[in-house]
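Q: Got a structure for you, questions after.
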Amino acid sequence: MEISKDRARDYISDLPQNIIDKILMLLPIEDAVRTTVLSKKWMYKWITIPELVFIDKFKWTQKLVSFIDRVLILHKGPLTNFTYYFLWSHNSLNLNQWIIHLANKEIKELIINSFCINESITMPSYLYSCLNLTHLELFNCTLREPPPNFVGFKSLKSLILHHPDIKSPSFDRLLSSCPVLERLKIVSLMPLYLYSCLNLTHLELSRCALKEPPSNFVGFRSLKSLNLFEVDNKSGCFDSFLSICPVLERLEIVSCRHQNIRICAPNLKWLCINATVSITINKTRGTEDCLMLERFYNLIKVLSSLDGLEKLVVRDHFVKYLSVGYAAGKFRNATYNHLKYLELDDATFGHKELSATLFLVISSRNIQELQISAMFN
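What follows is the structure, given as C-alpha cells:
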C-alpha cells in the first residue's frame, strides 16, 4: 500500500528552529546532541539551544569536560544559560576557556555547583568579563579579587553564593558594583557588608555575621522578603534590617541568637519566628520564669504590632513562653483579625500551654488553617 505524501512528511523537522530549541531543552544535553544521528536535517539542530545544562552524575569528569569543550566550540547563536553540576574532583576542568567563551557569548545566567565537600573550585578572573550576567549562582567556589578595570555587573539582578571563599574587601566591592541587584542569597560568609545593595527585594542569609551599618544607612526600602537563619546578631544589626523595611511582606528568623527584635513593617503578611532561648539548668524556677517572661514580652510586642499579618509560623518553645505571658494576663485583649494560617512547630502542652494556645486561636477570628506539631520527651 502506498503512503500519501502528507502522511510521510516529517512535520517535526520542519518546525521553526525556536520551537525545536524548546523541545531539545527538555532533553538532557547528551540526548539533545545525539539527535544528530536522526537525519541530515538534524545534524546541527541542537547547536542553537540557548540553555546548556551539564550534570556530572557519575565519576566521568574527564569525559564530560571533553564533551563540554566540543559543545561550546560547535554552539552557534546566543547563549542565555550555562549550568554545570559536578560531584567529583575538578582538577581537569577547563574553566578558563569556558568562561572566556561564555563572556564572548554574552552569557546571561551562570550556575557552577560543586558538591565536592573538601575541595573548592577557583573561579577564573575572566568571570568579571561576563558583563551581561543577570543571574550568578556559585556553590563552594573561591572568588578572586575583581581586577582594577572591572566596571561592575550592571545587569545582575540575582546573586546566590553558597560557602564562598572571598576576602571581605573584594566581596564588598563586588556587591557595590551591582546597582540593580534585587535578589541576594548568601550561605556561610562572615563578616558581611550588605548596605550598598539598596534595591534588594529578596534577601536570604544563612550562617553569616553582619557588619555594622554606616551612620547614613537609609534602610532597605524595597525589601519584600527577608530570611535569616543562624545569623549572628551580637552587633544588633537586625534593627537595620527590620526597623526600616516599609514594604516588607515576608519575614523568617530562625536560630538567630542575641536577637533583640524590633520590627517596623506595616505590610508584613508572613512571619516565621524561632523563639528559642538558652536557659541555664541550675537557675531557680522563679528566675527561669522571669527570663521566659522577658522573652515573651519581646515576642508579643512583635505580634501585637503586626495588624495585617496573615500567616504565622512559630517554633521552639513559643507556646511555653506564651503560657507564661498568658498566666500573667499580659495579652488577653490581643486580636489577630487578619491571621488566616497558624502553625505551631515543636510545641509543648501542659495545662497552661493549652489555655494559651486556645486563646491565640480564638483571638484569630478569621483563621482558616491551623497546624500543630507537638514535642514529646
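Under full-length UniProt numbering, read the sequence shown as residues 1 to 377, first letter to last.
Beta carbons: idealized from backbone N, C-alpha and C, even for Gly.
Predicted, not measured: the structure shown is a model, and the values here were computed from it.
1) Taking the beta carbon of T335 as the centre, do at least 16 other beta carbons fall within 10 Å, making it buried, or is it exposed?
2) Along the chain, where does the alpha helix (DSSP H) that runs through A265 open and close?
3) How is P169 classed by DSSP in three states: helix, strand or coil?
4) Report back the beta-carbon spacing between E212 and W270 to the nearest angstrom; my notes put them in contact at under 8 Å.
5) Drop a sphere of 10 angstroms on the beta-carbon of T122, count the other beta-carbons inside from all chains shown, and report buried for 16 or more, exposed for fewer.
6) State the Cα-Cα distance for the pair L127 and G152, rounded to the nearest angstrom.
7) Along the chain, where does the beta strand (DSSP E) containing E109 start, and where does it finish?
8) Classify V53 as helix, strand or coil using the three-state DSSP reduction.
9) Grab the span of the beta strand (DSSP E) containing E30 for me, first residue to last.
10) Is E252 near N267, with beta carbons less than 7 Å apart?
11) To which residues of the same chain is L200 closer than 7 Å at the C-beta, ignoring the five residues directly before and after it?
12) Which stretch, first to last residue, makes up the alpha helix (DSSP H) that contains M25?
13) Are L228 and C256 close, meaning C-beta to C-beta below 7 Å?
14) Whose CA, out of V313, G77, P78, Y84, lies closest to the CA of F67?
15) Looking at the structure shown, is F220 part of a helix, part of a strand, or coil, going by DSSP?
16) Might you give, ordered along the chain, the residues of its own chain that have their beta carbon closer than 6 Å to the beta carbon of M190, omitting 5 neighbours on each side?
17) Cα-Cα, which of H101, S120, I111 is closest to R70?
18) Ordered along the chain, which non-local residues of its own chain (more than five positions away) have a Cβ less than 7 Å from that of R173?
19) Can you say whether K105 is buried or exposed, counting buried as having 16 or more other CB atoms within 10 angstroms of its CB?
20) Starting from I99, trace the alpha helix (DSSP H) in both directions and tell me its first and last residue.
A: Taking the definition as stated:
1) Here residue 335 is taken as the residue at index 335 of the sequence shown, counted from 1. Under this definition T335 is an exposed residue.
2) Along the sequence shown, one-based indexing puts residue 265 at 265. Where A265 is concerned, there is no enclosing alpha helix (DSSP H), given that its DSSP letter is neither H nor E.
3) Position 169 of the sequence shown, counted from the start, is the residue given in the question as residue 169. Three-state result, P169: helix.
4) Walking along the sequence shown from the start, residue 212 turns up at place 212. Walking along the sequence shown from the start, residue 270 turns up at place 270. Not a contact, Cβ separation roughly 28 Å.
5) By 1-based counting over the sequence shown, the position of residue 122 is 122. Counting Cβ neighbours within 10 Å, T122 comes out exposed, since fewer than 16 surround it.
6) Within the sequence shown, the letter at position 127 stands for residue 127. Within the sequence shown, the letter at position 152 stands for residue 152. Roughly 11 Å separates the two Cα atoms.
7) As a working mapping, residue 109 is identified with position 109 in the sequence shown. Where E109 is concerned, the enclosing beta strand (DSSP E) stretches over 109-114.
8) Here residue 53 refers to the residue found at position 53 when the sequence shown is read from its first residue. Here V53 sits in strand by DSSP.
9) To locate residue 30, count along the sequence shown from 1; it is residue 30. Careful: E30 lies outside any beta strand (DSSP E), inside the alpha helix (DSSP H) at 29-34.
10) Residue numbering aside, residue 252 sits at position 252 when the sequence shown is read from its first letter. Residue numbering aside, residue 267 sits at position 267 when the sequence shown is read from its first letter. Result no, Cβ atoms of E252 and N267 do not sit closer than 7 Å.
11) The residue you call residue 200 lines up with position 200 of the sequence shown. The beta carbon of L200 lies closer than 7 Å to those of L181, E182, L184, F220, S222, L223 in the same chain, with the five residues before and after it left out.
12) The count along the sequence shown starts at 1 and reaches residue 25 at position 25. Segment 17-25, the alpha helix (DSSP H) holding M25.
13) To locate residue 228, count along the sequence shown from 1; it is residue 228. To locate residue 256, count along the sequence shown from 1; it is residue 256. Yes, the Cβ-Cβ distance between L228 and C256 is below 7 Å.
14) On the sequence shown, position 67 is the one that residue 67 refers to. The shortest C-alpha separation from F67 is found at Y84.
15) As a working note, residue 220 is residue 220 in the sequence shown. DSSP places F220 in coil when its eight states are reduced to three.
16) If you number the sequence shown from 1, residue 190 lands on position 190. Taken in chain order, the residues that qualify are C208, A209.
17) For this step, residue 70 is matched to residue 70 along the sequence shown. Comparing Cα-Cα distances from R70 to each of H101, S120, I111, the minimum goes to H101.
18) Position 173 of the sequence shown holds residue 173. Within the same chain, R173 has close Cβ partners P146.
19) Along the sequence shown, read from residue 1 onward, the residue named residue 105 stands at position 105. Buried, since its Cβ has 16 or more Cβ neighbours within 10 Å.
20) Indexing the sequence shown from 1 puts residue 99 at position 99. That run of the alpha helix (DSSP H) goes 95-104.
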